[in-house]
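Visitor:
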Amino acid sequence: MRNALLLSLVLAAAASTTARGEGAPQAQPAPAPKPAAPPATTQKPAPATPPATTAKPPAPAPAGAAPAAPAAAPPPVRRAPAPASARGGMAITVTDATGATIPGVRIAAEGPTQRGGETNGGGQANFPGLQGGVYRLRFDGDAVVSFEKEVTVRGGQVLAVDVMLNPAKKEAPPPPAPVAAPPPPVAAKTGPAGQPLQVNIPNVLEADFVGKNPRRESLLACSGNTRSSMLQVNQPTPERMYSDADVAYYVIGGEGTLKLNGKETKLALNDFVSIPRGGSHSFERRGGRTLVLLSVLGGEPCDAPK
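All letters in the sequence shown, in the order written, are residues 10 to 315 by the numbering used here.
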């Protein structure tokens, strides 16, 4: 009501001013008054609801705030792999009739997966990673009777296999070969027993001196299998070798050389030489004096020809 009364007064004042100004220069018309605001009681129309497809603008970020991180993309969807066929295994224990485990038994598994092995010190063997299926097991060993068994392995399971084996029969050893009777001992040849004898070597040498002869051998004693003699050498002797007797020499005069098995050595007064049976030897004089040797031969009858 107040606004309507104010509007009526403004219009009346304008009409009075117009009537007084006829014949005078026309003034610029006054600007039209602004429409009065609607009464306070007038209800404002409700704003139209925006279409559902209209996106609201994002609210401005407060001053000084860090920019919001972009939303993470969802992870890609992965397909689960097809389940692989699970493998199984065997846990094998080998015992005898008393329940004692048997080590060293060879095991061969024939089936979808070929395996082989040997039981350990506890009589056990493990075959992991086997494909499921039917297997033929064979057990062999030097101390057991061979045995075969059929088992079935299922995927994802370990099959316990308990086997009892019988001991192998021990073959009786062959009888020992008859021992040939040793040949009867051959009686050793023995020469005749001699008489006790004592001689003076210088006297024998003077009585049986070689002189200018090439060589001379004088028998001193003969008893059983021992022959003693004196050998005088002016010229080299032929090689001697006794296959069944040993001989020893002692230098009692002069100087010379001994050739034993092709090797020469010097001989001087009072030298002693021992030659085992089978040794080839010879003597040669050195210097102006006759080489005189005392010889003792043992091992064959003293009366055998020399």
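Glycine included, C-beta positions come from ideal geometry on N, C-alpha and C.
1. Alpha helix (DSSP H) containing ASN222: first to last residue?
2. Identify whether THR62 lies in helix, strand or coil by the three-state DSSP scheme.
3. Once DSSP output is grouped into helix, strand and coil, what is the label at PRO137?
4. With distances taken from CA atoms, which of ASN234, GLU226, THR274 is nearest ASN243?
5. ALA189 by DSSP, collapsed to three states: which one?
6. Using only CA atoms, which one of GLY220, ALA254, SER291 lies nearest to GLY297?
7. So, for VAL167: in the same chain, excluding its five sequence neighbours on each side, which residues have a beta-carbon less than 6 Å away from its beta-carbon?
8. May I ask you to report which of helix, strand or coil DSSP gives ALA216?
9. Is it the case that the Cβ atoms of PHE292 and THR246 are separated by a distance below 8 Å?
10. Three-state secondary structure (DSSP) at PRO176?
11. Less than 7 Å between C-beta atoms, sequence neighbours within five positions excluded: which residues of the same chain meet that for SER283?
12. Identify, in the order they occur along the chain, each residue of the same chain with its Cβ nearer than 6 Å to the Cβ of GLU264, setting aside the five sequence neighbours on each side.
13. My output table needs one value for ILE284: the three-state DSSP class, helix, strand or coil.
Guide: Result, derived from the coordinates:
1. Where ASN222 is concerned, there is no enclosing alpha helix (DSSP H), given that its DSSP letter is neither H nor E.
2. For THR62, the predicted structure reports a pLDDT of 46, less than 50, and the residue's modelled location is therefore unreliable. A value from the coordinates is still provided. Coil.
3. strand
4. GLU226
5. coil
6. GLY220
7. GLY98, ALA100
8. helix
9. yes
10. strand
11. ALA257
12. ALA277, ARG295, GLY296
13. strand
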